[in-house]
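Take a look at the structure below.
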Amino acid sequence: MKLVEPQRILPQDKWIDLVLEQFRKSEPVALPTETVYGLAAPADDAQAVARIYEIKERPTFNPLIFHVREDWDLNQWAVMNETERKLIDCFWPGPLSLLLKKRNVSDLVTAGSDFVVMRAPRHELFREVLSAWGAPLVAPSANSSTKLSPTTATAVLDDLGAKGVSVVDGGMCEFGLESTILKVVDGKLQLLREGAISREDLKDFEFTETTSDVPLTPGTQLKHYAPSVPLFLFDSIEKWQQPTSHREACWIKVLKSDGPDFIQGLRVECLAPDNRYKTAAAALFEFLRTGQKNYSELRVLKTQDISLGRAINDRLLRASQR
Ligand code: TXA
Ligand code: MG
Numbered sequence: 018m019k020l021v022e023p024q025r026i027l028p029q030d031k032w033i034d035l036v037l038e039q040f041r042k043s044e045p046v047a048l049p050t051e052t053v054y055g056l057a058a059p060a061d062d063a064q065a066v067a068r069i070y071e072i073k074e075r076p077t078f079n080p081l082i083f084h085v086r087e088d089w090d091l092n093q094w095a096v097m098n099e100t101e102r103k104l105i106d107c108f109w110p111g112p113l114s115l116l117l118k119k120r121n122v123s124d125l126v127t128a129g130s131d132f133v134v135m136r137a138p139r140h141e142l143f144r145e146v147l148s149a150w151g152a153p154l155v156a157p158s159a160n161s162s163t164k165l166s167p168t169t170a171t172a173v174l175d176d177l178g179a180k181g182v183s184v185v186d187g188g189m190c191e192f193g194l195e196s197t198i199l200k201v202v203d204g205k206l207q208l209l210r211e212g213a214i215s216r217e218d219l220k221d222f223e224f225t226e227t228t229s230d231v232p233l234t235p236g237t238q239l240k241h242y243a244p245s246v247p248l249f250l251f252d253s254i255e256k257w258q259q260p261t262s263h264r265e266a267c268w269i270k271v272l273k274s275d276g277p278d279f280i281q282g283l284r285v286e287c288l289a290p291d292n293r294y295k296t297a298a299a300a301l302f303e304f305l306r307t308g309q310k311n312y313s314e315l316r317v318l319k320t321q322d323i324s325l326g327r328a329i330n331d332r333l334l335r336a337s338q339r
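For the sequence shown, the working numbering begins at 18 and goes up steadily by one.
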């Protein structure tokens, strides 16, 4: 693991000191999590939080996830009921975020809301930084607003390196999809963002399908994760297979079993040759990032809405919005 800055890789043994030094200067640092890389900064430092919005060019109405260690006294920052406690016991540390009634969390972090989205990441390097800093960090995905989320240190630098962002290289993220965001309503779960924890993983809990006219998570507006070339999402194999006028088009499927391996003599790219959704999820954003460099059109076949396939389809649908 190393702290990479544009043009230089800093000494490996000092990486944590360098991260803390940046935080003391109110400068965010990109850190790996088990989902995607996050642009982290101390949650109680208004200047550092403002820098995050500036670097990401993120609208200020879109709040930030509050990252903690699960073994801290969480009552300092939020009120939790029995179901929320149970979810925390079952899934933390890990890729599950909860919308909770906040206590002593700055309006800058929550964009003025009385609720905070909290999560305890499982990635060892992120946990080390939390322990060393000793206080919560905010960390949105380390990408420019609406662009692809980064799952490698190189992806972070490609997008944000020119803005002077440093990144701790923890290799490729395990899940490759952001955390699932939930709200508990009368003891039942309301899914606010599909993510790395699937509905199947949450089968011991009851869901409510209640939806709100106002998106409860302002960042889940439809256009998001936009590659720089058009991405078309098909739910029918027939339509997906049709010829296109683009010479550099790429046909993509999620699982090997989703469709044919060749179309018009061209090889179909597959996110999970081993046919596992976990493999497909981990590959998704990096695949789109490379795809946008090598092709002029990405033609993707939707996968089934089961397990992580649901969150993969969600990201693909957003990536297809122009
Ligand atoms: O896996 C993850 O959650 C990653 C890693 C880095 O931890 N973080 C992440 O953050 O995905 P971000 O900012 O890219 O997405 C956070 C989502 C946004 O849709 C935002 O609107 C919503 O969470 N959110 C955050 N705080 C909220 C709040 N107080 N109320 C409602 N929605 C909130
Ligand atoms: Mg994001």
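Note that beta-carbon positions come from the ideal geometry of N, C-alpha and C, so glycine has one too.
A quick note: this is a predicted structure, and the numbers were derived from the prediction, not measured.
key: Assigned secondary structure, D322 (DSSP; H/G/I helix, E/B strand, else coil)   = coil
inquiry  = Following a CB-centred definition, is T52 positioned closer than 7 Å to any heavy atom of the ligand TXA?
reply    = yes
Residue span of the alpha helix (DSSP H) that contains T296, given as start and end = 294-311
message = With H, G and I counted as helix, E and B as strand and the rest as coil, what does DSSP make of A152?
response = coil
query = Using the C-alpha atoms, what's the distance from K31 back to F143?
reply = 15 Å
query = Whose CA, out of R210, A156, F251, W268, lies closest to the CA of S337?
reply = F251
ask   = Could you give the distance in angstroms between the alpha-carbon of E226 and the alpha-carbon of D34?
value = 46 Å
ask   = Rounded to the nearest angstrom, how far is the Cβ of F224 from that of L208, given a contact under 8 Å?
value = 7 Å
inquiry  = Taking 8 Å as the threshold (C-beta atoms), are T234 and P211 in contact?
reply    = Rather than Pro, the amino acid found at residue 211 in this sequence is Glu. Contact: no.
ask   = Do I303 and A172 have their C-beta atoms within less than 8 Å of each other?
value = For the sequence presented, residue 303 should be read as Glu rather than Ile. In this structure, A172 lies closer than 8 Å to E303 by Cβ.
message = Determine whether the beta carbon atoms of L116 and K205 lie at a separation below 8 Å.
response = no
task = Could you check the C-alpha separation between L147 and C107 for me, to the nearest Å?
result = 21 Å
ask   = I think L194 touches L325, with their Cβ atoms under 8 Å apart; what is that distance to the nearest whole Å?
value = 7 Å
query = If you measure from each residue's Cβ to the nearest non-hydrogen atom of the ligand MG, which ones come out under 7 Å, in chain order?
reply = P157, S158, N160, S166, E195, G236
inquiry  = For Y70, which residues in the same chain have their Cβ closer than 7 Å to its Cβ, ignoring the five residues on either side in sequence?
reply    = T77
key: Any non-hydrogen atom of the ligand TXA closer than 7 Å to F108 Cβ   = no
key: Backbone CA spacing between V6 and A65 [nearest angstrom]   = There is simply no residue 6 to check, as the chain begins at 18 and stops at 339 in what is shown.
Beta-carbon proximity check, V185 vs L48, cutoff 8 Å = yes
ask   = Tell me, which residues are paired with P45 by DSSP?
value = Paired residue(s): none; P45 is not in a bridge.
key: Length of the line joining the Cα atoms of S43 and G111   = 27 Å
task = Rank F40, F279, G129, V271 by C-alpha distance to the C-alpha of C287 and give the top, closest one.
result = V271
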